[in-house]
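To keep things clear, I will list the structure first and then write my remarks on it.
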Amino acid sequence: DAEITQSPRHKITETGRQVTLACHQTWNHNNMFWYRQDLGHGLRLIHYSYGVQDTNKGEVSDGYSVSRSNTEDLPLTLESAASSQTSVYFCASSESKTGGETQYFGPGTRLLVL
Amino acid sequence: AQSVTQLGSHVSVSEGALVLLRCNYSSSVPPYLFWYVQYPNQGLQLLLKYTSAATLVKGINGFEAEFKKSETSFHLTKPSAHMSDAAEYFCAVTFTGFQKLVFGTGTRLLVSP
Chain A
1 DAEITQSPRH KITETGRQVT LACHQTWNHN NMFWYRQDLG HGLRLIHYSY
51 GVQDTNKGEV SDGYSVSRSN TEDLPLTLES AASSQTSVYF CASSESKTGG
101 ETQYFGPGTR LLVL
Chain B
1001 AQSVTQLGSH VSVSEGALVL LRCNYSSSVP PYLFWYVQYP NQGLQLLLKY
1051 TSAATLVKGI NGFEAEFKKS ETSFHLTKPS AHMSDAAEYF CAVTFTGFQK
1101 LVFGTGTRLL VSP
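Chains as they are written, first to last, in our numbering: chain A, 1 to 114; chain B, 1001 to 1113.
See below:
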């Protein structure tokens, strides 16, 4: 079965360190998304990609970067981790740009920045 | 700009009672609306979605939602709550040509025996 996986599932890091969270999907979807989930805020969009070599900033992109070199993967990099980036991160994918397309979510990565 | 408001961060019901989770949206163009469910330590799973076909949408696990344009609402209901329904529920909106979901802040459903 097609799926979307994230690794690691849990991560503890220190302030100032670079951290990369992996996202891999086997749906062969064109679109991929990164969200962060924080209490009282729901999910907020960090970055998204509509295809290989395409990346776009979302609502809360400061301090984060992504690159899309193939269809399956969209790694999220925290350039210099800050305590404010302690959160749960979700990756999602969808097939087309039609507004009604379902996004499929990974299991999440829980990141703690000390 | 689009936005979603979910009234009530927590809703408590007894097993067998009606579940009603409220969602109101703001959009200047016809919206697509979604309800997702999140069980503890898991990702989000689609419950149902409105894509401009029937206004009453039926989803998984006995849930349904009705799109009411005049009230800008998309409330989620289930006639009889089950213990397994305890989870967090998110309403989200997007529109034609764009895939960026805008989420509400979520409602945690608590079900007591």
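Ideal placement from N, C-alpha and C gives every residue a C-beta, glycine not left out.
As the structure is a computational prediction, the values presented were derived from the model and not from experiment.
Does the separation of the CB atoms of residue i and residue j fall below 8 Å?
i       : j       : result
A:N28   : A:T71   : yes
B:T1107 : B:S1009 : yes
B:Q1006 : B:T1077 : no
B:L1047 : B:F1063 : yes
B:A1092 : B:L1101 : yes
B:L1021 : B:L1109 : yes
A:G58   : A:Y50   : no
A:V113  : A:T5    : no
B:V1037 : B:Y1089 : yes
B:Q1099 : A:S67   : no
B:L1018 : B:P1079 : yes
A:K11   : A:L74   : no
Using a Cβ-Cβ distance cut-off of 8 Å, determine whether residue i contacts chain B.
i      : result
A:S83  : no
A:L76  : no
A:T71  : no
A:S67  : no
A:G42  : yes
A:E101 : yes
A:L45  : yes
A:S94  : yes
A:K97  : yes
A:N31  : yes
A:G16  : no
A:Y64  : no
State buried or exposed for residue i, treating a residue as buried only when at least 16 other CB atoms are found within 10 Å of its CB.
i       : result
B:K1049 : buried
A:E101  : buried
B:V1029 : exposed
B:A1081 : buried
A:P8    : exposed
A:L53   : In the sequence under discussion, the amino acid at residue 53 of chain A is Gln, which differs from the Leu named in the question. Exposed, because fewer than 16 other Cβ atoms sit within 10 Å of the Cβ of A:Q53.
B:Y1039 : exposed
A:G42   : buried
A:D1    : exposed
A:G40   : exposed
A:N56   : exposed
Please report whether the beta-carbon of residue i lies at a distance below 8 Å from any beta-carbon of chain A.
i       : result
B:T1051 : yes
B:K1069 : no
B:L1056 : no
B:F1103 : yes
B:L1044 : yes
B:Y1032 : yes
Measure the beta-carbon distance from residue i to residue j and round it to whole angstroms, keeping in mind my assumption that it falls under 8 Å.
i       : j       : result
A:L45   : A:F33   : 6 Å
A:T64   : A:T77   : Checking the sequence, you will find Tyr at residue 64 of chain A rather than Thr. Their Cβ separation, rounded to whole angstroms, is 7 Å, which keeps A:Y64 and A:T77 in contact under 8 Å.
B:L1033 : B:F1074 : 4 Å
B:N1024 : B:T1072 : 6 Å
Is there at least one Cβ from chain E nearer than 8 Å to residue i's Cβ?
i       : result
B:F1090 : Structure shown: chain E not included; protein chains present are A and B.
Can we say the region 25-45 of chain A touches the region 1010-1020 of chain B, given the rule of at least three CB pairs closer than 8 Å?
no
Specify whether the region 1050-1065 of chain B and the region 102-114 of chain A touch according to this definition: at least 3 beta carbon pairs, one from each stretch, less than 8 Å apart.
Counting Cβ pairs under 8 Å, fewer than three are found: no touch.
Is it true that the region 74-81 of chain A meets the region 8-18 of chain A, where meeting means three or more beta-carbon pairs spaced less than 8 Å apart?
yes
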